[in-house]
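Enquirer: Take a look at this one; I'll ask things after.
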Amino acid sequence: MKILKRTALYALLSAATLFVFGCDRQRDEKQPVELQETSMLTVRVAQPEVQEWPESINVNGAIRPWQEIVVSPETDGLRVEQLAVEVGDEVKRGGLLVKFADDIPRAELRKNQALVAQSRANLELARANYRRAQETAHSGSVSSQQVEEYRITQATAEASLGSALADLDSSKVKLSQTRILATDDARIASKSGTLGEVAASGSELYRMIRDDKLEWRAEVDARQLGSIEEGQEAHVQLPDGRTIDGEVRKVGSIIDADTGRAIVYVSIPEKASARSGMFAAGRIELGVRPALTLPQSAVSLRDGKAYVWLVGDAQRVASRLVSTGRRMDDRVEVTAGLFAGERVVSAGGAFLAEGAKVDISTVGEPTPGMLP
């Protein structure tokens, strides 16, 4: 009998021990869930805003002269006697650029002057003979055939004088071509001539930048060409970091078959620090258009793609792939994947997990436990 009572007591104690152990185990299993629910992250949210943003396109291109002037002789066989300017010099209209040896042209001028004088004398004699023949023709001392010969001689003398005068004019022009003068205000860009050389007609001696004006020749993709118009503002960033403002002067009408690009000609200010031959980046302002924007901190990058965290009705977050566009100050344009009115986590998206529950802060400053 005592043995039965002792056995029952042991069984009762074992059952009590198992019950207590089971309760503790259940409490331990529930504890992580409770901790998870009580450790929700506090975040701020933002909604997309539609703002008017300036639109521009980024392009590259070379800086070239607005117009170039090539200086070359118009006459063959003249020796270069003086090169009056050097590279970088500014010249004014009418200023001396090149002087050729003029001894041969001057000798030709004197020769032609003498031929003109001789032709005039021959014409005077022919006119006098023709006039006397006409006066004596009535008396019969001069036949009509002789009178006609005198008339023809006079006409020939007149033609000879005309030819001599033309040769004289030609020699004057050739003499004037021994001095090359600037046809416009310009800056000397390059010098090819050499003192003492006998220059051929059309050979380049100097190359000048007319009015010392440069332009930026931006290479624009064919898809962007239709949005560019004359008069639009442009900003050119030079290799030294400085930025100069310009204006679209002309939009090219031909698209290069090899590159698929067209040239947009942008005038840049005179006396700017730009130099011909520079390659510069810049942008052309196209105007203003609406943009759906978010704070830049609301956009996370993963594997080179942009994502945002959306907050649902149950205050659980879900990531969504979006496309971004322009950036201004601390905001970024969202071009696809987001709609106005949706709630987006404005900061700390990198610390969230898919489906995590968050607590939305309603104050302006961060609160304890809020994501940075």
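In mature numbering (1 follows the signal peptide of the UniProt record, and there is no 0), the protein residues as written are -22 to -1, 1 to 350. In this text, a Cβ means the ideal position worked out from N, Cα and C, and glycines have one as well. Note that the structure is a prediction, hence the values are computed from the model and not measured.
Please go through the same chain and pick out, in chain order, the residues whose beta-carbon is closer than 6 angstroms to the beta-carbon of A235, but skip the five residues on each side of it.
Expert: As a first step, residue 235 must be located in the sequence shown, where it is residue number 257. Once the five neighbours on either side are set aside, A235 has no close Cβ partner at all.
Enquirer: If you scan the region 287 to 341 from start to end, which runs of the beta strand (DSSP E) of 3 or more residues do you find wholly inside it?
Expert: As far as the region 287 to 341 is concerned, its whole beta strand (DSSP E) runs of at least 3 residues are 295 to 306, 309 to 314 and 336 to 338.
Enquirer: So what's A115 in DSSP terms, helix, strand or just coil?
Expert: Translated into the one-based positions of the sequence shown, residue 115 becomes position 137. Residue state, collapsed to three classes: helix.
Enquirer: Using only the alpha-carbon positions, how far apart do D163 and S170 sit?
Expert: Numbered from its first residue, the sequence shown carries residue 163 at position 185. Numbered from its first residue, the sequence shown carries residue 170 at position 192. Going by the C-alpha atoms only, they are around 20 angstroms apart.
Enquirer: Quick one, are the C-beta atoms of I166 and V65 less than 7 angstroms apart?
Expert: Taking the first residue of the sequence shown as position 1, residue 166 is located at position 188. Taking the first residue of the sequence shown as position 1, residue 65 is located at position 87. Yes; because the gap between Cβ atoms is below 7 angstroms, this pair is in contact.
Enquirer: Could you give the distance in angstroms between the alpha-carbon of K70 and the alpha-carbon of E46?
Expert: Taking the first residue of the sequence shown as 1, we reach residue 70 at position 92. Taking the first residue of the sequence shown as 1, we reach residue 46 at position 68. Each residue's Cα considered, the two are about 15 angstroms apart.
Enquirer: With 16 as the cutoff for other CB atoms within 10 Å, does F257 come out buried or exposed?
Expert: Within the sequence shown, the letter at position 279 stands for residue 257. Exposed, since its Cβ has fewer than 16 Cβ neighbours within 10 Å.
Enquirer: Let me know the alpha helix (DSSP H) ranges lying completely inside the region 183 to 263, each 4 residues or longer, listed in chain order.
Expert: List check, alpha helix (DSSP H) in window: 200 to 203.
Enquirer: By the DSSP assignment, the beta strand (DSSP E) with E46 in it spans what residues?
Expert: Taking the sequence shown and counting its residues from 1, one reaches residue 46 at position 68. Unbroken beta strand (DSSP E) run through E46: E46 to V49.
Enquirer: Which term fits I338, buried or exposed, when burial requires 16 or more other beta carbons within 10 angstroms of its beta carbon?
Expert: By 1-based counting over the sequence shown, the position of residue 338 is 360. Label assigned to I338: exposed.
Enquirer: Taking only the alpha-carbon atoms, compute the straight-line gap between residue 357 and A212 and give it to the nearest angstrom.
Expert: Residue coverage of the chain in this structure runs from -22 to 350, which leaves residue 357 outside it and unanswerable.
Enquirer: Put G265 into one of helix, strand or coil per three-state DSSP.
Expert: Taking the sequence shown and counting its residues from 1, one reaches residue 265 at position 287. Strand.
Enquirer: Helix, strand or coil: how does DSSP classify T161 here?
Expert: Translated into positions along the sequence shown, residue 161 becomes position 183. It is coil, neither helix nor strand.
Enquirer: Along the beta strand (DSSP E) that carries S34, what are the first and last residues, could you check?
Expert: Position 56 of the sequence shown, counted from the first residue, corresponds to residue 34. Element bounds for S34: E27 to P43.
Enquirer: Is the distance from the Cβ of V310 to the Cβ of V300 below 7 angstroms?
Expert: Here residue 310 refers to the residue found at position 332 when the sequence shown is read from its first residue. Here residue 300 refers to the residue found at position 322 when the sequence shown is read from its first residue. For V310 and V300, no; Cβs fall outside 7 angstroms.
Enquirer: Can you find at least 3 beta carbon pairs, one from the region 123 to 136 and one from the region 95 to 110, that sit closer than 8 angstroms?
Expert: Because the criterion of three Cβ pairs below 8 angstroms is met, the region 123 to 136 and the region 95 to 110 touch.
Enquirer: Would you mind sorting T221 into buried or exposed? The rule is 16 or more other CB atoms within 10 Å of its CB.
Expert: Walking along the sequence shown from the start, residue 221 turns up at place 243. It is exposed - the Cβ of T221 has fewer than 16 other Cβ atoms within 10 Å.
Enquirer: Excluding five sequence neighbours on each side, which residues of the same chain lie with their C-beta closer than 8 angstroms to the C-beta of V336?
Expert: One-based indexing of the sequence shown puts residue 336 at position 358. Once the five neighbours on either side are set aside, the close Cβ partners of V336 are M18, L19, T20, V21, V289, Q293, R294, V295, V323 and L330.
Enquirer: Check whether the Cβ atoms of V198 and Q210 lie closer than 7 angstroms to each other.
Expert: For the purposes of this step, residue 198 is taken as the residue at position 220 of the sequence shown. For the purposes of this step, residue 210 is taken as the residue at position 232 of the sequence shown. Not in contact: V198 and Q210 (Cβ atoms no closer than 7 angstroms).
Enquirer: Alpha carbon to alpha carbon, what distance is there between I41 and A259?
Expert: Sequence index remark: in the sequence shown, residue 259 carries index 281 (1-based). Sequence index remark: in the sequence shown, residue 41 carries index 63 (1-based). Cα to Cα, the separation comes out at about 10 angstroms.
Enquirer: Considering only residues of the same chain and omitting the five flanking positions on each side of G180, which have a CB-CB separation below 6 angstroms?
Expert: Sequence index remark: in the sequence shown, residue 180 carries index 202 (1-based). Answer for G180: S50, listed in chain order.
Enquirer: Anyone know if the C-beta pair for D80 and T156 falls short of 7 angstroms?
Expert: Numbered from its first residue, the sequence shown carries residue 80 at position 102. Numbered from its first residue, the sequence shown carries residue 156 at position 178. Cβ atoms of D80 and T156: closer than 7 angstroms.
Enquirer: Identify, in the order they occur along the chain, each residue of the same chain with its Cβ nearer than 8 angstroms to the Cβ of A314, setting aside the five sequence neighbours on each side.
Expert: Stepping through the sequence shown from its first residue, residue 314 is reached at position 336. V300 and S301, listed in sequence order.
Enquirer: Report the partner residues of A95 according to the DSSP bridge assignment.
Expert: Counted from its first residue, the sequence shown places residue 95 at position 117. Paired residues: none, contrary to the question.
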